[in-house]
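Enquirer: Submitted below is the structure of interest, expressed as structure tokens.
Number of protein chains: 2
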Amino acid sequence: MGITICIVEDLDEVREGLKQFISLNTEFNVLDTFSTAEEALNEIPKLKPQIVIMDISLPGMNGIECIRQVKDKSPITQFMMFTVYENDEKVFEALKAGASGYLLKNTGLVQMIEALKELHNGGSPMSANIARKLVTVFRDKEKEAAPIEVLSKRENEVLQLLSKGLLYKEISDQLSISTGTVRQHIHRIYEKLHVQNRTEALNKAFGKN
Amino acid sequence: MGITICIVEDLDEVREGLKQFISLNTEFNVLDTFSTAEEALNEIPKLKPQIVIMDISLPGMNGIECIRQVKDKSPITQFMMFTVYENDEKVFEALKAGASGYLLKNTGLVQMIEALKELHNGGSPMSANIARKLVTVFRDKEKEAAPIEVLSKRENEVLQLLSKGLLYKEISDQLSISTGTVRQHIHRIYEKLHVQNRTEALNKAFGKN
DNA sequence: TTCCGCCTCTAACTTTCGTTCTATTGCACG
DNA sequence: CGTGCAATAGAACGAAAGTTAGAGGCGGAA
């Protein structure tokens, strides 16, 4: 019976256009379409489609909130955003809420079909601009491990081990130095970072505040 | 003169096939191709192409390390991974190193052309499977700050203050309880999280591992 | 060369942390 | 109306953490 789909979109032409075009493809089966989040919230949990194509801007409840509530009641359903919103906040909110795909409305219908197949195969098809946003935040978050400028090389090594929760003894073993030296390094680290203890140092060194 | 491109790929057929096909499109200009990272490292900084298509598995230095070194010397260049590697580690390493696009080798040549244009327009075209990995880690990272389930309400409050680096005394003052009680709470927290000290508890409670 | 920062080490010391044990109160659930 | 759990508390103790005050070697910069 093909991949089951629901569409939530308030603009009549877009909603019907999508439905018509997708229905041409025998691999898909459009179960129903909705023009408001509230309707969708009522019906989708009963239909349990494999994919929901979701707009963000809807009258009343928006599409993101709709995803949050629907996915609890229909966990097998995957959500494909289909919207004009390209600003970071909306994108990240949608992904956090549970969307797996994110296409902008300038996407062609043929690509939409491809994307729906990929989504169903466990992929996350998304417009290249959206993916770039993800890559950017990913890189920003991952580059934490950068050494702190004001600290010497050795002090940064110590700080790294300190962040794992190791004891002075364990640190001294790993670096093959005495615990006295470890003490010394850590003391200097606290001095340079203007903090009083381990936790404050880690907060200051690695984000979190 | 079109978008300038270099290709780094050790398999002759793949490299030449790419070059031929891309050259058919007048919007692109393939400046040169290389079969090893070392060659690429020498030449690309001189050519400063707008895009480099990069394989990961190469004889000698791998493609990821190659990106790290090249992008310092040619910062305008964008990197499009083109590889069979689909495991998380390689993907994330590549993105961290500076790749902006990531296509798997089952991608069609026509889609490659599309992807190159998108990359040049500031997007991050990537295979849907790759994007899914990114979405997954993104969601995992964002869902922090929630109180830890296994801990009681009070224990979470204590943990919160603990994370600021406060002394037992300071915590007891803020919560208007005795330091003995604070001790007790913290002891239970360590027990429930299976850790031995403050830093380990914070690492386990708030991401970082 | 002299000076300074980094890395190393020792020793003695105070403070804080973390464990263990014991005990009381209050609330919720069957 | 017990039973269980969260929250409270104090005491006592060992184990770490953090401070202070030395001192020597080494390499780069003034």
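Protein sequence lines correspond, in order, to chains A and B.
Mapping of the first sequence onto the working numbering: residues 1 to 209, in sequence order.
Mapping of the second sequence onto the working numbering: residues 1001 to 1209, in sequence order.
Backbone N, C-alpha and C define an ideal beta-carbon position, used for all residues, glycine too.
Quick one: does Ser-172(A) have its CB under 9 Å from some CB of chain B?
Expert: Position 172 of the first sequence, counting from 1, holds the residue named residue 172(A). So no, Ser-172(A) is outside the interface.
Enquirer: Tell me whether Gly-63(A) is buried or exposed, calling it buried when 16 or more other Cβ atoms sit within 10 Å of its Cβ.
Expert: Here residue 63(A) refers to the residue found at position 63 when the first sequence is read from its first residue. Flag for Gly-63(A) reads buried.
Enquirer: DSSP puts Val-84(A) in a beta bridge; with which residues?
Expert: Numbered from its first residue, the first sequence carries residue 84(A) at position 84. DSSP lists no partner for Val-84(A).
Enquirer: Ile-1177(B) by DSSP, collapsed to three states: which one?
Expert: As a working note, residue 1177(B) is residue 177 in the second sequence. Ile-1177(B) falls in the coil class under three-state DSSP.
Enquirer: Would Arg-1183(B) pass as an interface residue toward chain A - the criterion being a Cβ-Cβ separation below 9 Å?
Expert: Residue numbering aside, residue 1183(B) sits at position 183 when the second sequence is read from its first letter. With 9 Å as the cut-off, Arg-1183(B) does not count as an interface residue toward chain A.
Enquirer: Can you pull the chain A neighbours of Phe-1034(B), defined as C-beta to C-beta under 7 Å?
Expert: The residue labelled residue 1034(B) in the question sits at position 34 within the second sequence. What Phe-1034(B) touches in chain A: nothing, since even the nearest Cβ is about 25 Å away.
Enquirer: Could you name the residues of chain B that Val-110(A) contacts, counting a contact when the two beta carbons are closer than 8 Å?
Expert: By one-based count along the first sequence, residue 110(A) stands at place 110. Those do not exist, as Val-110(A) stays about 12 Å from chain B at its closest Cβ, beyond 8 Å.
Enquirer: Does any residue of chain A have a CB that is nearer than 9 Å to the CB of Ala-1128(B)?
Expert: The residue you call residue 1128(B) lines up with position 128 of the second sequence. True, the Cβ-Cβ gap to chain A drops below 9 Å.
Enquirer: On the DSSP letters alone, give me the boundaries of the alpha helix (DSSP H) that Leu-116(A) sits inside.
Expert: The count along the first sequence starts at 1 and reaches residue 116(A) at position 116. Here the alpha helix (DSSP H) through Leu-116(A) covers 109-120.
Enquirer: Can a CB atom of chain A be found closer than 9 Å to the CB of Ser-1057(B)?
Expert: The residue labelled residue 1057(B) in the question sits at position 57 within the second sequence. Answer no: the Cβ-Cβ gap between Ser-1057(B) and chain A never drops below 9 Å.
Enquirer: Against chain A, with Cβ distances strictly below 9 Å, would Pro-1045(B) count as a contact?
Expert: The count along the second sequence starts at 1 and reaches residue 1045(B) at position 45. No - not a single Cβ of chain A is within 9 Å of the one on Pro-1045(B).
Enquirer: Mind pulling the chain B residues with CB within less than 7 Å of Arg-198(A)?
Expert: Locating residue 198(A) in the first sequence gives position 198, where the first residue counts as 1. Correct list: Thr-1199.
Enquirer: Look at the alpha carbon of Arg-1188(B) and the alpha carbon of Lys-1169(B), and state the distance between them as a whole number of angstroms.
Expert: As a first step, residue 1188(B) must be located in the second sequence, where it is residue number 188. As a first step, residue 1169(B) must be located in the second sequence, where it is residue number 169. Going by the C-alpha atoms only, they are around 18 Å apart.
Enquirer: Going by DSSP, what residues sit across from Ile-1003(B) in a beta bridge?
Expert: Position 3 of the second sequence, counted from the start, is the residue given in the question as residue 1003(B). Its beta-bridge partners are Phe-1028(B).
Enquirer: With 9 Å as the limit, tell me which residues of the stretch 1067-1078 of chain B have their beta carbon closer than that to any beta carbon of chain A; keep them in chain order.
Expert: The stretch 1067-1078 of chain B vs chain A, Cβ under 9 Å: nothing.
Enquirer: Can you give the Cα-Cα distance for Asp-1072(B) and Thr-199(A), rounded to whole angstroms?
Expert: Here residue 1072(B) refers to the residue found at position 72 of the second sequence. Here residue 199(A) refers to the residue found at position 199 of the first sequence. Spanning the two alpha carbons is a distance of roughly 35 Å.
Enquirer: For Glu-1118(B), return the contacting residues in chain A, with the cut-off set at a CB-CB distance below 7 Å.
Expert: The residue given as residue 1118(B) occupies position 118 in the second sequence. What Glu-1118(B) touches in chain A: Ala-128.
Enquirer: Can you list, in chain order, the stretches of the alpha helix (DSSP H) that have 4 or more residues and sit fully within the stretch 1047-1107 of chain B?
Expert: Complete alpha helix (DSSP H) runs here, min 4: 1063-1073 and 1088-1097.
Enquirer: Using 9 Å as the limit for Cβ to Cβ distance, is Ile-156(A) near chain B?
Expert: Along the first sequence, read from residue 1 onward, the residue named residue 156(A) stands at position 156. The question names Ile, yet the displayed sequence has Asn at residue 156(A). No, Asn-156(A) does not count as interfacial toward chain B.
Enquirer: Is the beta carbon of Ile-1053(B) less than 9 Å from the beta carbon of Leu-1095(B)?
Expert: Walking along the second sequence from the start, residue 1053(B) turns up at place 53. Walking along the second sequence from the start, residue 1095(B) turns up at place 95. Not in contact: Ile-1053(B) and Leu-1095(B) (Cβ atoms no closer than 9 Å).
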